[in-house]
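Every position in the sequence shown, counted from 1, becomes a number in our numbering once 919 is added. Even for Gly, the Cβ is constructed at its ideal location relative to N, Cα and C. Quantities reported herein were computed from a predicted structural model and do not represent experimental measurements. Accompanying notes for the structure given below.
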Amino acid sequence: MPNADYHVEIEQLLSLVRQLKPHHVNFDEKLIMNKERYVFNHLRAPVYYIHMFENQFFTMCIFVLKNGTRMPLHDHPHMTGILKVLYGNLTIKSYSNIRDPEYNAADELPLEIRSHLRKDQVIKKVKFDGEKHLNEKDCCYLTEKTGNFHTLSAMDGPAAFLDILAPPYSESLGRNCSYYKELLKSDESEMVYLSETSSREYWCETAPYLGINLIDES
């Protein structure tokens, strides 16, 4: 359980992150000049990815969503994250894990649904936290248990956000990024069952980071 000092330090960090502007990371505005709505094709990625820094403790990057695109519903197992909008407007739908990240909730589903699943199908039982609209003043904080599943959509034009995750994704350490879709909603509660899926229409084009060099002094 995090102590009081941890919460104070997180609030201090969030206060600093909220002050970030595009010029602080020398954001390349050419990436958001095209305001036309994105139409899916196999030649142009819907999202730009800008790698900034990574070590064993955390990773930092920028995602740029083209107009009308979204980042599919995905998870952050055993991770804490901070998201800061740098440009434009985003909609975020969040879900909180109510089970251990390794738990498969497939056996909780009704038989008529379970009978159509693969034997190895991964099902997560989560609580729907709601939908929020974010602008350049906003910052989101997710923990291992709250808001750890989310999907993001660009609203009314392209949008860019800074993404900080601690620790980083690591397949060898069991921190994979998995994608999901809603499978079953409860009519009487906020509980939702998510089914792991592929995301064939989502991929990123890499863009260079033009800001100051970030040095690992750990």
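Out of the options, which one is the CA nearest neighbour of residue i?
i	options	result
V936	D1082, E1120, E1090	D1082
F1068	I1011, R1119, A1085	I1011
K885	Y967, M1110, G987, I1032	Beyond the ends of the chain as shown, which are 920 and 1137, falls residue 885; an answer cannot be given.
F909	Y1121, M1074, F1080	With the chain represented from 920 up to 1137, any question about residue 909 goes unanswered, as that position is not in the structure.
M952	V927, L1071, L1036, V983	V983
K1046	L1036, E973, S1105, V927	S1105
L992	E973, M971, S1015, T999	S1015
E930	N1095, C1059, S1118	C1059
G1049	Y1088, S1108, E1021	S1108
S1118	S1089, Y1022, S1091, M990	M990
D1135	L1103, E973, E1124, L1092	E973
So, with DSSP's three-state summary, where would you put residue i?
i	result
S934	helix
Y1202	Past the edges of the chain, shown from 920 to 1137, lies residue 1202, and the structure says nothing about it.
L939	coil
E1055	coil
H926	helix
A1138	Since the first residue of the chain shown is 920 and the last is 1137, residue 1138 is not available in this structure.
L950	helix
L1081	strand
L1030	helix
V944	helix
H1069	strand
E1090	coil
In angstroms, rounded to a whole number, what distance separates the CA positions of residue i and residue j?
i	j	result
E1101	D994	13 Å
L950	L1061	27 Å
I1131	A1073	27 Å
I1017	N1008	29 Å
Y1099	D1019	17 Å
I1036	T1070	Rather than Ile, the amino acid found at residue 1036 in this sequence is Leu. Near 23 Å, if we compare the C-alpha coordinates of T1070 and L1036.
H971	H961	According to the sequence provided, residue 971 is Met. The question's His does not apply to it. Going by the C-alpha atoms only, they are around 26 Å apart.
V927	R963	43 Å
A1025	M1110	14 Å
Y967	S1097	19 Å
S934	Y1088	25 Å
For my contact list, residue i and residue j are in at a C-beta cut-off of 8 Å; report their separation, rounded to the angstrom.
i	j	result
A1126	I969	5 Å
P965	K985	6 Å
D947	L1129	6 Å
M998	E1090	That belief does not hold up - the Cβ atoms of M998 and E1090 are roughly 13 Å apart, past 8 Å.
- Query: Touching or not, the region 1047–1058 and the region 1001–1015, by the rule of three or more beta carbon pairs under 8 Å?
  - Reply: Touching, yes, given that three or more Cβ pairs across the two stretches are closer than 8 Å.
- Task: Say whether the region 1023–1041 touches the region 1112–1131, bearing in mind that this needs 3 or more beta-carbon pairs closer than 8 Å, one atom from each stretch.
- Result: The region 1023–1041 vs the region 1112–1131: in contact.
- Could you tell me whether the region 1076–1091 touches the region 1019–1035, using the rule of 3 or more Cβ pairs below 8 Å? Touching, no.
- Query: Given 8 Å as the limit, is there contact between the region 968–983 and the region 1084–1099, that is, 3 or more CB pairs closer than that?
  - Reply: Output reads yes: the region 1084–1099 touches the region 968–983.
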